[in-house]
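Data block below; observations after.
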Amino acid sequence: MKKPNGNSIAMNILHLFYSTALASALNAGALIVLASYLKSSNYGMFSVALAFAMIMAYFTDAGLSKIVLREGSKEKADVPVVMSSYIKLRLILLIATFVVGFIIIRSLHSEDTMLLRTSYFLIIPFVIGVSMQSIASTYFQLVEKMQFSGFIRITSSLLLVLSITIGMIFKWHPYIIYSAYGLSYLLSGLMGILLVLRYTKIPIRCTFHKGLFDQLLSFTITGLLFVILPQLGPILLEKTVSLAEVGLFAVAYRIPQALLQLPFIVAGAFYPVLFRYYNSNHMKDHESLNMLQMKVMGLVGMAMTVPLYYFATPIIELLFGAEWVSAASLLKIISIVLFLQGITIALADGLTTRARQTQRMIVQSLAVVGAAIFYWTLSQSFGLIGAAWACILIEVVAFLGFWIVAPNRTFIGKRMIPFITILIGSLVLCDWVFSSLPVLAAGVQYVIIVIFILVDKQMNHSLFAYLSNKGIVSRGKVRSSDRVEDGL
């Protein structure tokens, strides 16, 4: 089941996968180059400013993008009017975000002139650019043409790498480098808006779509909590460890954080379809598709966890140099977040697309409170290793919370608890058995992933349904009546 003139779920995943993979690689490369160019203290300062920038960028959206997908996926929805109302609200939020955000930053760091300047140079162009990119991506997600979202993402990453490379060649001052980092997002955001205007006309004067206010507070708080979670580490650790140590944590954390975009592209492709199933009262299809989403996102996450877990030290040395090797032990622990968060986000999406946003908000509130406690206490007691384990505990709390409030918790538990136990257990077991042979350990883990795909009936059938739709295998090998798999 796909939207008329839109792509299928599988095609949207394909477009977003290659674009996000390339963009993530470029972004990671930019951060690696930046880390080698800046001192550890400057990189720690940059990480703190970037954490504030990410939170402020979220406030320009405040959960509206998810509401736009919900409202735009309804029958007889006037998409241009919905988008016009969306843009007007985001402009108001952008102005309010800058006013409130910089007041907070100045109050927290009034005596740190360098950090304040770093924040100004980085945050202003970054937040405006991310806001425009988000508007464009939301539109193309709504019409299920994710190839354009991918194009915007790749362009942004190319500009980022180009600007930082030029800055290093001409030995720019760090402040100019920070501005160039933000401007790359600004330019690609402008391109995204122009691309949207090329494919649709957004009316300036039109009746405001009041449906955008329905459950807005819940979506706002939920989205804010989701954005705050990955930024809490640098913000809180700056108070418990040195800036140099914050830089080490940032280096280890940013690699999985960049790769997390890959499981999220799966969520982006499933999201409008899940909303459409719920709006059409196809609850069985919704449940089945959401379960498939959890498995796919979990397996994609585990596939990325494997190299980071088994080869953390050579990866850090290769990317950042021997002076950053202390971050390897942190990377090994944090890499498991790729697997866990893929599942928790899919589980949370199941709640949102079933009109249970309030429950999702409550669970994420508890996760954020837990995160603050974990980061503060564990980093004080065990240093950076404690901070790394805090990342794992946060995801455990989130998963348990989403599972408990899910209306189909029994259905989820019977399938996902064995799934998680087998994959995490095999990861640790292979590491123990083949401790001196990491290549063999990684190979065995990938074999386990492939075996799971072939043995699991739902994933097996979905794979063959997709291959059948493409004419690669005979149609007779799958049930043509299955709505979910045909939607792929």
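First residue of the sequence shown: 960, per this note's numbering; consecutive thereafter. For glycine and all other residues, C-beta sits at the position ideal for the given N, C-alpha and C.
| query | What are the start and end residues of each continuous alpha helix (DSSP H) run of 4 or more residues lying completely inside the stretch 1181–1247, in chain order? | reply | 1202–1218 and 1220–1238
| said: When you compare the stretch 1201–1212 with the stretch 1282–1296, are there three or more beta-carbon pairs, one atom per stretch, that lie closer than 8 Å? | reply: yes
| request: With a threshold of 16 other CB atoms inside 10 Å of the CB of L1023, please say whether the residue is buried or exposed. | output: To locate residue 1023, count along the sequence shown from 1; it is residue 64. It is buried - the Cβ of L1023 has at least 16 other Cβ atoms within 10 Å.
| request: Return the residue from the list V1392, L1053 and T1072 that minimises the CA-CA distance to I1014. | output: Mapped onto the sequence shown, residue 1014 falls at position 55. It is L1053 whose Cα lies nearest to the Cα of I1014.
| request: Measure the beta-carbon distance from A1347 to I1274 and round it to whole angstroms, keeping in mind my assumption that it falls under 8 Å. | output: On the sequence shown, residue 1347 is found 388 positions in, with the first residue counted as 1. On the sequence shown, residue 1274 is found 315 positions in, with the first residue counted as 1. Not a contact, Cβ separation roughly 15 Å.
| query | Nearest-angstrom Cα distance between D1308 and Y1230? | reply | Within the sequence shown, numbered from 1, the residue matching residue 1308 stands at position 349. Within the sequence shown, numbered from 1, the residue matching residue 1230 stands at position 271. Approximately 7 Å between the Cα atoms of the pair.
| Length at least 3, wholly inside the stretch 1301–1351: the beta strand (DSSP E) runs in chain order | none
| query | Who are the near neighbours of G1088 in its chain, counting only those whose CB is closer than 6 Å to its CB and skipping five residues on each side? | reply | Indexing the sequence shown from 1 puts residue 1088 at position 129. Y1144, L1145 and G1148, listed in sequence order.
| said: Which residue wins for smallest C-alpha separation from F1011, given the options S1108, S1044 and L1183? | reply: On the sequence shown, position 52 is the one that residue 1011 refers to. Closest by alpha carbon: L1183.
| message | Tell me which residues share the same chain as V1205 and place their Cβ nearer than 8 Å to its Cβ, disregarding the 5 neighbours each side in the sequence. | response | Numbered from its first residue, the sequence shown carries residue 1205 at position 246. Excluding residues within five positions, the ones whose Cβ falls inside 8 Å are G1003, S1006, V1007, P1193, L1196 and E1197.
| message | So, with DSSP's three-state summary, where would you put T1097? | response | Counting from 1 along the sequence shown, the entry for residue 1097 is found at position 138. Helix.
| message | Tell me whether the stretch 1215–1224 and the stretch 1251–1265 touch, counting them as touching only if at least three CB pairs, one residue from each stretch, are closer than 8 Å. | response | The stretch 1215–1224, when compared against the stretch 1251–1265, does touch it at the 8 Å Cβ threshold.
| query | Exposed or buried, what is P1377 when buried is set at 16 or more other beta-carbons lying within 10 Å of its beta-carbon? | reply | Position 418 of the sequence shown, counted from the first residue, corresponds to residue 1377. Counting Cβ neighbours within 10 Å, P1377 comes out exposed, since fewer than 16 surround it.
| Can you list, in chain order, the residues of its chain whose CB lies under 6 Å from that of V1356, leaving out five sequence neighbours each side? | Position 397 of the sequence shown, counted from the start, is the residue given in the question as residue 1356. Hits under 6 Å: A1326 and G1329.
| Helix, strand or coil at S1147 according to DSSP, with G and I counted as helix | Within the sequence shown, the letter at position 188 stands for residue 1147. In this structure, S1147 counts as helix in the three-state DSSP scheme.
| task | Can you grab the Cα-Cα spacing for the pair G1031 / Y1098, in whole Å? | result | The sequence position of residue 1031 within the sequence shown is 72, counting from 1. The sequence position of residue 1098 within the sequence shown is 139, counting from 1. Their backbone Cα atoms lie some 9 Å apart in a straight line.
| query | Looking at W1335 and T1199, is the spacing between their C-beta atoms short of 8 Å? | reply | Residue numbering aside, residue 1199 sits at position 240 when the sequence shown is read from its first letter. Residue numbering aside, residue 1335 sits at position 376 when the sequence shown is read from its first letter. Taking 8 Å as the Cβ cut-off, T1199 and W1335 qualify as a contacting pair.
| query | Are the stretch 1131–1139 and the stretch 1100–1113 touching by the rule of at least three beta carbon pairs closer than 8 Å? | reply | Contact fails: fewer than three Cβ-Cβ distances are below 8 Å.
| query | What does a CB cutoff of less than 7 Å around P1189 pick up in its chain, not counting 5 residues either side in sequence? | reply | Within the sequence shown, the letter at position 230 stands for residue 1189. Q1216.
| What are the boundary residues of the alpha helix (DSSP H) that W1391 is part of? | Position 432 of the sequence shown, counted from the start, is the residue given in the question as residue 1391. It spans R1368 to V1392 - the alpha helix (DSSP H) in which W1391 sits, taken as one unbroken run.
| request: Have a look at L1382 and L993 and give me their C-alpha separation to the nearest angstrom. | output: Along the sequence shown, one-based indexing puts residue 1382 at 423. Along the sequence shown, one-based indexing puts residue 993 at 34. L1382 and L993: Cα-Cα distance of roughly 35 Å.
| request: Take the Cβ of T1019 as the centre, count every other Cβ of all protein chains shown within 10 Å, and call the residue buried at 16 or more, exposed below. | output: Your numbering for residue 1019 matches position 60 in the sequence shown. The residue is buried, with at least 16 neighbouring Cβ atoms inside 10 Å.
| My guess is that P1162 and S1043 are in contact by the Cβ rule of under 8 Å, so how many angstroms apart are they, rounded? | To locate residue 1162, count along the sequence shown from 1; it is residue 203. To locate residue 1043, count along the sequence shown from 1; it is residue 84. Their Cβ separation, rounded to whole angstroms, is 5 Å, which keeps P1162 and S1043 in contact under 8 Å.
| query | If you run the structure through DSSP and keep just helix, strand and coil, what is T979? | reply | Position 20 of the sequence shown holds residue 979. Taken through DSSP and simplified to helix, strand or coil, T979 comes out as helix.
| field | Cut-off 6 Å between Cβ atoms - residues of its own chain near S1440, not counting five sequence neighbours on either side | value | Indexing the sequence shown from 1 puts residue 1440 at position 481. Low confidence applies here, because S1440 scores a pLDDT of 40, under 50, leaving its location unreliable and the question unanswered by this model.
| Start-end ranges of the alpha helix (DSSP H) lying completely within the stretch 1064–1128, minimum 4 residues | 1072–1101 and 1105–1128
| message | Can you find the residues in the same chain that come closer than 7 Å, C-beta to C-beta, to V1322, ignoring five residues on each side of it along the sequence? | response | Numbered from its first residue, the sequence shown carries residue 1322 at position 363. Cβ neighbours of V1322 beyond the five flanking positions: A1357, G1360, F1361 and V1364.
| Short Cβ contact (8 Å threshold) for L1119 with L985 | Taking the first residue of the sequence shown as position 1, residue 1119 is located at position 160. Taking the first residue of the sequence shown as position 1, residue 985 is located at position 26. Cβ atoms of L1119 and L985: closer than 8 Å.
| Rounded to a whole number of angstroms, what is the C-alpha to C-alpha distance between K1243 and I1046? | Residue mapping note: residue 1243 aligns to position 284 of the sequence shown, counting from 1. Residue mapping note: residue 1046 aligns to position 87 of the sequence shown, counting from 1. Distance between the alpha carbons of K1243 and I1046: 35 Å.
| Mind checking S978: buried by the 16 CB within 10 Å criterion, or exposed? | One-based indexing of the sequence shown puts residue 978 at position 19. So S978 counts as buried.
| message | Could you tell me the alpha carbon to alpha carbon distance between L973 and K1373, rounded to whole angstroms? | response | Here residue 973 is taken as the residue at index 14 of the sequence shown, counted from 1. Here residue 1373 is taken as the residue at index 414 of the sequence shown, counted from 1. In a straight line, the C-alpha of L973 is about 30 Å away from that of K1373.
| Where the alpha helix (DSSP H) through S1024 begins and ends | Counted from its first residue, the sequence shown places residue 1024 at position 65. L1023 to G1031 is the span of the alpha helix (DSSP H), which, as asked, contains S1024.
| Count the other CB atoms within 10 Å of the CB of Y1158; is the residue buried (16 or more) or exposed (fewer)? | Indexing the sequence shown from 1 puts residue 1158 at position 199. Flag for Y1158 reads exposed.
| Nearest residue (CA-CA) to L1449, options T1124, G1402 and I1371 | Here the chain comprises residues numbered 960 to 1447, so residue 1449 is not present and cannot be evaluated.
| Residue environment, K1160, which counts as buried when at least 16 other CB atoms sit within 10 Å | Here residue 1160 refers to the residue found at position 201 when the sequence shown is read from its first residue. With fewer than 16 other Cβ atoms within 10 Å, it is exposed.
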